[in-house]
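**Student:** Here the sequence shown is numbered in the numbering used here, starting from 2 and rising by one per residue.
A single structure is presented below for examination.
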Amino acid sequence: MSFYQTEINRIKDICYSNDQQLATVIAIRNFIDQHFDGELNLDLLAHMRFTSRFHLLRLFKKYYGLTPKQYLTIKRLEAAKKCLREGMPIADTCYRAGFDTPSSFSTLFKSKIGVSPIEFQKRATFAK
């Protein structure tokens, strides 16, 4: 084994020391990716992998640098941007992406993306 491969393995063992932990966070991330439009909460995700919600929170943050809620919000905003680019109405986009109300969706969208959903849609339509 070369020096570089030995170093890679050493660093991997430090950063990803527990394969079960890694499998847990990967499974949770995949579940969020597939079910982001539904009602997800930390209790459900933790129950799914038979772990405490606090432990799951720490693991997810350790491996991805985000909490599951932050990751879920990012996934929902990405889906919303896609729907808006396709010309879907704001209210339909809100519910399709998994948000509860159009007003909270608009507020969050503007704070994270920098423009309102309507403005984003106008710009996306203009760019075509």
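Beta carbons are placed, not taken as given, at the ideal position from N, Cα and C, and that holds for glycine.
Nearest CA to the CA of C84: which residue from K123, Y5, R59?
**Tutor:** Looking up residue 84 in the sequence shown gives position 83. Here the closest residue by C-alpha is K123.
**Student:** Between the alpha carbons of L43 and K70, how many angstroms are there, rounded?
**Tutor:** As a position in the sequence shown, residue 43 is number 42, starting the count at 1. As a position in the sequence shown, residue 70 is number 69, starting the count at 1. One C-alpha to the other measures close to 8 Å.
**Student:** Within the chosen definition, does the region 28-48 reach the region 63-81 through at least 3 CB pairs nearer than 8 Å?
**Tutor:** Yes, since at least three Cβ pairs between the region 28-48 and the region 63-81 fall closer than 8 Å, the two stretches touch.
**Student:** By DSSP, does L73 sit in helix, in strand, or in coil?
**Tutor:** Looking up residue 73 in the sequence shown gives position 72. Helix.
**Student:** Between F37 and R77, how many whole angstroms is the CB-CB distance? I'm expecting something under 8 Å.
**Tutor:** Mapped onto the sequence shown, residue 37 falls at position 36. Mapped onto the sequence shown, residue 77 falls at position 76. The pair is a contact, with the Cβ atoms about 6 Å apart (cut-off 8 Å).
**Student:** Can you give me the C-alpha to C-alpha distance between G88 and C95, rounded to a whole angstrom?
**Tutor:** Taking the first residue of the sequence shown as 1, we reach residue 88 at position 87. Taking the first residue of the sequence shown as 1, we reach residue 95 at position 94. Rounded to the nearest angstrom, the two C-alpha atoms are 13 Å apart.
**Student:** I'd like to know whether the C-beta atoms of F32 and M49 end up nearer to each other than 8 Å.
**Tutor:** Position 31 of the sequence shown, counting from 1, holds the residue named residue 32. Position 48 of the sequence shown, counting from 1, holds the residue named residue 49. In contact: F32 and M49 (Cβ atoms closer than 8 Å).
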